[in-house]
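Numbering (the UniProt record's numbering), first residue to last: 1 to 325.
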């Protein structure tokens, strides 16, 4: 999951969210604050989401079968997509409904110290969880911006936990604002408005997560850096002279399929070609260790055929200036 890093961030978020959910629900029972109820459901949904991520990680480790010859790596994408649905339906829609009801039927907050105390505790706990997610993400993020990391990460767990924790912290601030204004003005409508804002926030985060995990489910190519490493590893300028066309596909966050048609010398023997392809595969796996499934097809390059064909360089994984066979 980038394995240990993602798991550590998920477990930290799970522990924090379970504790926070219980505390928020107790605060709701004593104060009657709708923001507290929405936030307790939000934390409960987040706890379930972390459980789904852990389950997806476990299922993804199953061995390949004749029915699924490329393994189960994409299970992690499926469960990350389910997280976005849970966040949208359970967290966001419930908060909007509760906020609407509270605005239409406002009532004063009782025992104000319960929601205030729990919100302060929750902010501290979520900050710890968010800090853990940031620390583990930085190992993989490198020099990329946070937006680029969330957008292009092939392992879904850390971006999901990051966005969940960010949403939780902002939601807690909104809840604190709603409760605070309700206490200062004596008008419970502010509590409902805070709850409504929490619901909108959760839905927005869920939509971002759904869009990103949908892209992973459809199948994404290797990143630009890995593609360049693979290209450089294939050609040896002796037997394999060029890449005619190439495609890459993530079978899971940590497993990459590479398929390429490569040009070889017309007078090479079958044994020479086989040795060259085996050597190219070994170079690819050394340069990009996650490239575990590799298919290299030898062919004789033809300028005429290339001129008549389509140019795979226009599509993801294309070799660049070389034309198609």
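We put the beta carbon where it would ideally sit given N, CA and C, even for glycine. Predicted model, so just to flag it, every value in this text is computed and none were measured.
Where does residue i land, buried or exposed, given buried means 16+ other C-beta within 10 angstroms?
i	result
residue 14	buried
residue 291	buried
residue 132	buried
residue 295	exposed
residue 236	exposed
residue 138	exposed
residue 312	Caution is warranted here: a pLDDT of 47 is assigned to residue 312, below 50, making its placement in the model unreliable, and no coordinate value can be reported.
residue 186	exposed
residue 56	buried
residue 261	buried
residue 63	exposed
residue 201	buried
residue 199	buried
residue 211	exposed
Using a Cβ-Cβ distance cut-off of 7 Å, determine whether residue i contacts chain C.
i	result
residue 112	Here there is only one protein chain, and chain C is not present.
Rank the options by C-alpha distance to the C-alpha of residue i and give the top, closest one.
i	options	result
residue 178	154, 23, 33	33
residue 266	148, 242, 39, 62	242
residue 61	255, 286, 115, 261	255
residue 293	263, 252, 302	252
residue 116	228, 180, 206	180
residue 77	101, 66, 220	220
residue 167	228, 222, 65, 45	45
residue 231	165, 205, 281	281
residue 229	161, 8, 286	286
residue 227	164, 73, 284	284
residue 244	303, 29, 100, 147	303
residue 162	182, 121, 238, 206	206
residue 9	47, 238, 71	47
residue 224	144, 27, 171	144
What residues match up with residue i in a beta bridge as DSSP calls it?
i	result
residue 72	Answer is none; residue 72 lacks a bridge partner.
residue 243	262
residue 360	Given that the chain is displayed from residue 1 to residue 325, the structure contains no residue 360 and the question cannot be resolved.
residue 299	263
residue 294	258
Would you kindly work out how many angstroms separate the C-alpha atoms of residue i and residue j, rounded to a whole number?
i	j	result
residue 214	residue 259	23 Å
residue 247	residue 113	60 Å
residue 103	residue 190	8 Å
residue 300	residue 152	36 Å
residue 173	residue 208	21 Å
residue 278	residue 268	15 Å
residue 82	residue 274	44 Å
residue 119	residue 175	8 Å
residue 49	residue 271	53 Å
residue 257	residue 249	5 Å
residue 297	residue 234	11 Å
residue 36	residue 109	11 Å
residue 84	residue 216	13 Å
residue 90	residue 54	19 Å
residue 149	residue 130	16 Å
residue 12	residue 111	30 Å
residue 86	residue 17	15 Å
residue 66	residue 79	23 Å
residue 73	residue 289	16 Å
residue 318	residue 263	Residue confidence is low: residue 318 scores 47 on pLDDT, short of 50, so the model does not pin down where it sits. Its coordinate-derived value is still stated next. Each residue's Cα considered, the two are about 14 Å apart.
residue 121	residue 69	48 Å
residue 140	residue 6	10 Å
residue 147	residue 31	38 Å
With hydrogens ignored, establish whether the beta-carbon of residue i is closer than 6 Å to any heavy atom of the ligand ADP.
i	result
residue 189	No copy of the ligand ADP appears in this structure; indeed no ligand is present at all.
*Inter-stretch contact (C-beta, 8 Å, three-pair minimum) for the region 89-97 and the region 189-200*: With the cut-off at 8 Å, the region 89-97 and the region 189-200 touch.
*Take every Cβ of the region 147-159, pair it with every Cβ of the region 36-45, and state whether three or more of those distances are shorter than 8 Å.*
Touching, no.
*So, do the region 16-27 and the region 111-128 have three or more beta carbon pairs nearer to each other than 8 Å?*
With a cut-off of 8 Å, the region 111-128 and the region 16-27 count as touching, because enough Cβ pairs lie within range.
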